[in-house]
Amino acid sequence: MKKIFYFSALSAILLTSLFSSCEKDAGIALPETPPKLVLVSFITPQDTILSVTVKRSQPIFESYSVNTSSAVTDATVIMAGSSGSVQLVYNLQRECYEIASTVLPVIAGNSYTLTVTTPRGESVKAETTVPYHSGVAGFSVTMTDSASNDMGFIQISTDFNYSMTDYAGEENRYRFFSAVVLLDTLTNDTTDFRYMNQLFTDNNKDGQQIQSSLHGDWANYDPANTQKVIGYDCWMFNVNKDYYNYHNSLYNYSGDDPFSEPTIIYTNVDGGLGVFAAANGSKIRIYR
Amino acid sequence: MIRKNILLLFLFLSGTTFAQVQKFTISGFVYEKSSHESLPGILVVNTKTGAGTATNNFGFYSLTLPSDTVLITCSFVGYKTEIRKFFLDKNTQINFDLDALLQEEVVINAEQDEKISDNTQMSQVSIPIEQIKQIPALLGEKDVLKVIQLMPGVQSGGEGNSGLYVRGGGADQNLIILDDATVYNAYHLFGFFSLFNGDALKSVELTKGGFPARYGGRLSSVLEMQMKDGNQEKFSGEAGIGIISSRLLLEGPLKKKKSSFLVSGRRTYIDALVYPFLPDDNKAGYYFYDFNAKVNYTVNDKNRLFLSGYFGKDKFYANYKNGPDYKEKVGLNWGNATGTLRWNHLWSDRLFSNTALIFTNYKFGIKYSEESAGAFTSLNYSSGIRDFSIKHDFDFSPVPDHYLKFGFISTYHRFTPSAVVLKSSNGPDNSSKVKTLEAVESGIYIEDDWRITSRLKTNIGFRLSHFNTQGKSYVRPEPRFAARYILRENLSLKASYALMNQYLHLLSNTGIGLPTDLWVPATKRIKPQQSQQVALGSAMDIPKYKLMVSLEGYYKWSKDVVGYKEGASFLLVNDLGGNEEPVNWEDNVTPGKAWSYGFEFLVQRKFGKLTGWVGYTLSWSQLQFDSINFGNKYYAKYDRRHDISVVGIYKINDHITLSATWVFGTGNAITLPLAEYALTEHDPSGSGVQQNVPRFNNWFVNDYGDKNSFRMAPYHRMDIALQFHRKMKYWDRTFELGVYNLYNRKNPFFYYVGYDNSGQQRKLKQISLFPLIPSVSWTIKF
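These protein sequences, in sequence, are chains A and B.
Just so you know, we're using our numbering here: the first sequence kicks off at 2 and counts up by one.
Just so you know, we're using our numbering here: the second sequence kicks off at 6 and counts up by one.
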């Protein structure tokens, strides 16, 4: 009996040492990670303004946390297409480089390059091709919704049913996007608020009619009770591979977790991060 | 032509010799003398001509030879060789009772009985159970799967993990069979221990390539284990006490040489040790147990029956009370149950059959209940897989130089990916969602071990597999081929090819063998996985030093292997109680391709004063999935360029055995965050700024570089054990002192981003699991 007692005591001590897992600095050489330029630019033939945001990534192992004001304001941003090239100008308020699309029209089926250089000697480049179909065939949306304005909150609940026809004989990718159209009854201004979004491919549905239903709920703070939901803006984009891969990886992003595989964010920027992508779409506004 | 073949088959089956030279068959069983336990894999050879065979899983052999003077030797490592010389002029039955060698005899026995260079089969390892019991183990818990991991071509998933990664394959691609029954989840305690401690096992054999046609259903390996039948001669047993568990085995005759039984059990007692120290209102615990049982009955010379079973369970529980009105209970449990009824029948001296009815069940469950002031909520979640199989195998030795195996297996699978029962006193929420899937998997096979010349031997086989689920049928042929050519005595060249199909997929987004991992069938959308493997190698025996040396190169390519789309989750538990349908798992997986290739080198010494092996593997394994890493190829997490294992067991004298292992492996390929940055989506509405909430649609993301482009620090570790044996009055006692991770290497289990001591700068931190861990255990054998 005594032996068993000693044995149990010894076991308890050993088990304690076992389960006190050990944490320490990894103490291994990490790859050098100088900050990289991060470009984000989406172009569509429907745009009136071409815009590019330029930021820098921040190496993780030299800092405390992400620096949200890492916008690069002194870069030279050049976009070029078959009709020539233009330099975009920095807009301080919107924190991006811009130019009117009339200077460099975005034409379906054309390729564009984006080159960004900085006084630090950084230089990155990306290229993308605009889908050649203009808009999406047979795009239609129906909607039922309910809205309430209670305790200073506007709340809506919506069901969208959209339909479109895929372009047959080719690999296609699409994105449905919707926004709530809000009217300020004092100023009579309307504002769009991002609402619902769906990314999909024509996998197994080549040339067919594609239909989908989306349910959403949305709320907005309106203490003055001056805002009113008057309808919804809906877009259907035929998107290129860069556009699809980038958004798909962004929406699947799960952050850090030691037990799951991290999502790698798509980039087509040579020497940098981010994306230069193109889409071609149709827009429908539905009033409630 | 067909008629001729039928005639030949008829002549074979009737046992009639048809050639000019008269041929007769020597057949029988090989037993261990002291226990009358049948012995598998024992060589029975006519040493005059070199023609020979090995006993099957039931100890049966059949050797058809031309009429002549024969010199039959029956030999195996650790046993005295039996030799019979006689003139073969009629069909003869000889049963061998092999006597175990004493220690001194093992040392002086210069004969090398088992020759790796003679065997047609390549890419196969077998480890004597006694050796498994002598190899040092974590907390002294002897573990078959962890010993298998020490063989070249086999890797572990990580620190302490029992999962097997064979030649670049996943942990789900191994067919683990115990007495013909498939074991679906072979792990206890989240993979730190396996179900198999070796006490109740008779043999363990791992096939990594060149698969004979009798095996099918998995891509990467077959681990076949046979339970002991039970001592037919006398009542005996074994008992052991270790740090975390105790075990007991009892076996003996029910009727001498006619019938015997075996029961073996193991249970951990961490819960019992900790329980008294926990507060009354907050009790929690964990335990696992295993139970093996087997009985056999020899009906007559031609018929024998076996009934065997395994039952095991892991259970975690926590009970919380807050005052007299509030009670909360959480329980997690998972376990396997298998049962096999087998009937051996001897149709003739040349034809042996084994018919088996097999049941296997794996179930995982979560229970949660809450009681608060009279109101209650309870939730039960379970998932699992249950199989019923019928199997009929024949061993047939029709003529000299041919040994045929043929048969079929058919399995009815029933999958329960998720079953949820919710009960609540707060309204009509009582709900029950049970989803099941059913499938039938079958295989029919034939293989011929054909000795073409004294130097050239082949094993040519063919398997036709079939799978049917949800109205979709897959029928796939699987050719198999293996050949051995003897260059000179003790040196041979080997080659093999095998095509394998796997109709079951394991959904696991952790890869660490959690009980939540879910088996699902191939479907209309998700095709079966398929692999092809070629291997070339050379095997050499060096009798002078009792060494077996093998060098093999392999190339394996697979298609339709299953990967998990980035960001996908299979923890269906998330959907518990919700009204929405769980996400269809088929939407979360993506089919892909895999390639692995490499070289394996093994020097093994199975007998002598110093036994053990040195293994080295140089390998590459890559994956490619359409929906992962943007369709680009990448190195698998367990891609391991170098893997070394050294195992030594040294009998210092009759009373002391010293054993040690050292392992080294290139670090796992992982993806690490290097930098972070902010991104936006395309928002055509221009609503990038919401009132007072700037950039609400910004994503802060990590820059990981290329997928799996970073290597964890290399893994290495040394374990030692010292066993003291002593003969007592009623039993043999073994006392073992062991040390796991002798030089306290802090191997990384995983990395994460933490902060330095100042809390100002982020650092890459690692978590290690097991420091130096001493252990003691005490075993008696009677």
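Each residue gets a CB set at the ideal place from its N, CA and C atoms; glycine is no exception.
Check whether chain A comes within 8 Å of residue i, counting only Cβ atoms and requiring the distance to be less than that.
i	result
GLU586/B	The predicted model places GLU586/B with a pLDDT of 46, which falls under 50 and marks its position as unreliable, so this point remains unresolved.
THR676/B	yes
TYR720/B	no
GLY163/B	no
SER2/B	Any property of residue 2/B remains undetermined from this structure, which presents chain B solely from 6 to 787.
GLY583/B	A caution first: GLY583/B carries a pLDDT of 38, below 50, which makes its placement in the model too unreliable to give a value.
GLY34/B	Note that residue 34/B is Phe in the sequence shown here, rather than Gly. No, PHE34/B lies away from the interface with chain A (no Cβ there is under 8 Å from its Cβ).
GLY710/B	yes
ARG485/B	no
TRP618/B	no
Please check if any C-beta of chain B sits within less than 8 Å of the C-beta of residue i.
i	result
TRP1/A	Chain A is shown only over 2 to 289; residue 1/A falls outside these bounds and no answer can be derived.
ASP300/A	With chain A covering 2 to 289 only, the question about residue 300/A has no answer from this structure.
VAL270/A	no
GLU24/A	yes
PHE177/A	no
GLY275/A	yes
LYS37/A	yes
ALA180/A	yes
I'd like to confirm the pairing. Which residues does DSSP put opposite residue i in its beta bridges?
i	result
THR784/B	GLY245/B, THR739/B
TRP618/B	GLN609/B, VAL652/B
TYR163/A	VAL142/A, SER213/A
ASN324/B	LYS288/B, LYS334/B
HIS407/B	TRP455/B
MET545/B	LEU496/B, VAL554/B
Which chain B residues are close to residue i, counting only those with a beta carbon under 8 Å from its beta carbon?
i	result
THR54/A	THR685
LYS206/A	What LYS206/A touches in chain B: nothing, since even the nearest Cβ is about 14 Å away.
GLY139/A	Near GLY139/A there are no residues of chain B at all, since even the closest Cβ is about 20 Å away, more than 8 Å.
ASN315/A	Past the boundaries of the shown model lies residue 315/A; chain A is included only from 2 to 289, so the question cannot be answered.
Mind pulling the chain A residues with CB within less than 8 Å of residue i?
i	result
PRO482/B	Within 8 Å Cβ-Cβ: nothing; PRO482/B doesn't reach chain A, min ~28 Å.
SER80/B	Within chain A, no residue comes near SER80/B; the closest Cβ sits about 42 Å away, beyond 8 Å.
Since residue i and residue j should fall inside the 8 Å C-beta cutoff, what is the C-beta to C-beta distance between them, to a whole number of angstroms?
i	j	result
LYS151/B	SER199/B	7 Å
TYR267/A	SER250/A	4 Å
LYS299/B	PHE321/B	Between PHE321/B and LYS299/B the Cβ distance is about 29 Å, and since that is not below 8 Å, they are no contact.
ALA487/B	THR458/B	Actually they are not in contact, since the Cβ atoms of ALA487/B and THR458/B sit about 16 Å apart, beyond 8 Å.
ALA527/B	THR474/B	7 Å
TRP625/B	GLY603/B	6 Å
THR187/B	ASP392/B	6 Å
ALA27/A	GLN160/B	With a Cβ gap of about 22 Å, ALA27/A and GLN160/B do not count as contacting.
ARG767/B	TYR760/B	6 Å
ALA59/B	ARG456/B	Contact flag wrong, Cβ pair sits at about 13 Å.
Just the chain A side, please: which residues come within less than 9 Å of residue i by C-beta, in chain order?
i	result
SER773/B	SER22, CYS23, GLU24, LYS25
GLU571/B	ASN249, SER250, ASN253, TYR254, SER255, GLU262, PRO263, THR264, ILE265
PRO753/B	ALA27, ILE29
LEU769/B	ASP26, ALA27, GLY28, ILE29, LEU31, ILE61, PHE62
For a contact defined as C-beta to C-beta under 7 Å, what are the partners of residue i on chain B?
i	result
VAL41/A	LEU684, THR685
Chain A partners of residue i, CB-CB under 7 Å?
i	result
ASP688/B	ARG195
LEU679/B	PRO32, THR34, PRO60, ILE61
VAL706/B	TYR254, ILE266
Quick one: which chain B residues come within Cβ less than 9 Å of residue i?
i	result
ALA280/A	HIS687, PRO689
Cβ contact check for the region 674-683 of chain B and the region 231-245 of chain A: 3 or more pairs under 8 Å: no
Any chance the region 309-323 of chain B sits against the region 331-347 of chain B, with 3 or more Cβ pairs inside 8 Å? yes
Kindly confirm or deny that the region 209-226 of chain A and the region 266-286 of chain A touch, where touching means at least three C-beta pairs closer than 8 Å. no
Contact between the region 243-250 of chain B and the region 126-146 of chain B is defined here as three or more beta-carbon pairs at a separation below 8 Å; is this criterion met? yes
Counting pairs of Cβ atoms below 8 Å between the region 720-737 of chain B and the region 664-673 of chain B, do you hit three or more? yes
Determine, using beta-carbon pairs with one atom in the region 220-231 of chain A and one in the region 147-157 of chain A, whether at least three such pairs fall under 8 Å. yes
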